[in-house]
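For the sequence shown, the UniProt record's numbering gives the first residue as 1, with consecutive numbering after it. Below is one structure, written out as structure tokens; comments come after it.
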Amino acid sequence: MRLPEAAGSPAAYRLHPALLDSCFHVSSAFADRGDTTPWVPVEIGSLRLFQRPSGELWCHARSASRGEPTPDRRSTDFWVVDSTGAAVAEISGLVMQRLAGGARRREEREEDDWFLEPAWEPAAVPGSKVTAGRWLLVGSGGGLGAALCSALTEAGHSVVHETGHGTSAAGLQALLKASFNGQAPTSVVHLGSLDERGELDAEGPFDAEALEGTACSGPCRPWPGWPSELLRGCGS
């Protein structure tokens, strides 16, 4: 056997894979006559390399008996030599195994096996993990508040919907004390500007300044658990 030019340069290999594969094919000589069942290499006991192969090579194979013989496994030893008879490689204990199920001959295959088509299978959409939060809704919002409260509750959030405290600083302070057992809400939604009145209490605007004056001594962000932003209704 000889490495073909199409295989490229053998410099990157001690033993080119194409030459190794050619050695494996020699083991087919030990197959029973008429046996068309495919066999595949599954194990090698040892591989010894004595020199880099070059030019014409010869492969000598010998059936080996290792372990209990079975009709589905066979073992072979190989010796690879160059044209002068010098040893190039020794492969011991190559185990070939019969391919499970065999393979039908081309003329025995059904026509349907020659073609492939995409087959879509329905799969459930994985649910997104939602971290439950504490939502404070202020104002009715023309009915939007009730709908939002219902949707948030169904999603697993804790919701306090208050329409009677107004938007003054005093009302906000009382609302915060009464909501979530004293814990700061993770989100605040002001719906007052969506009500029919459409106006806010000018004496106590419901914004970050009011929150700073009633709920904490400094800016809202340093307060542990306080929402990073305050949502207000349309028109604010």
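Think of the CB as a built atom: it goes at the ideal place given N, C-alpha and C, for glycine as much as any other residue.
Check, Outcome
"Nearest-angstrom Cα separation, counted from residue 185 out to residue 177", "11 Å"
"CB of residue 84 within 8 Å of CB of residue 62, strictly", "no"
"Sequence-distant residues of its chain with Cβ nearer than 6 Å to residue 160 (five each side left out)", "136 and 179"
"Nearest-angstrom beta carbon gap, residue 172 and residue 139 [assumed within contact, 8 Å]", "Not really, about 12 Å apart at Cβ, beyond 8 Å."
"Residue 175 burial status per 10 Å Cβ neighbour count (16 or more: buried)", "buried"
"Coarse secondary structure for residue 50, derived from DSSP in three states", "coil"
"Backbone CA spacing between residue 34 and residue 24 [nearest angstrom]", "19 Å"
"Cβ pair count under 8 Å reaching 3, the segment 142-149 against the segment 115-125", "no"
"Residue span of the alpha helix (DSSP H) that contains residue 19, given as start and end", "17-26"
"CB of residue 55 within 8 Å of CB of residue 82, strictly", "yes"
"8 Å Cβ cutoff met for residue 57 and residue 14", "no"
"The beta strand (DSSP E) enclosing residue 87, as first and last residue numbers", "87-98"
"Distance, residue 92 Cα to residue 80 Cα", "11 Å"
"Contacts around residue 157, its chain only, beta-carbon distance under 6 Å, and the 5 residues preceding and following it disregarded", "132, 133 and 135"
"Residue 98 beta carbon less than 8 Å from that of residue 36", "no"
"Alpha carbon of residue 4 to alpha carbon of residue 53, nearest angstrom", "13 Å"
"Residue range of the beta strand (DSSP E) that includes residue 174", "Element bounds for residue 174: not the beta strand (DSSP E) but the alpha helix (DSSP H), 169-178."
"Residue span of the alpha helix (DSSP H) that contains residue 154, given as start and end", "144-154"
"Nearest-angstrom beta carbon gap, residue 88 and residue 51 [assumed within contact, 8 Å]", "6 Å"
"Environment of residue 78 [buried if 16+ CB atoms lie within 10 Å]", "buried"
"Proximal residues to residue 152 (C-beta, below 7 Å), its chain only, five neighbours per side dropped", "135 and 159"
"Opposing strand residues paired with residue 78 [DSSP bridges]", "61 and 91"
"Which listed residue (59, 65 and 155) has its alpha carbon closest to that of residue 129", "155"
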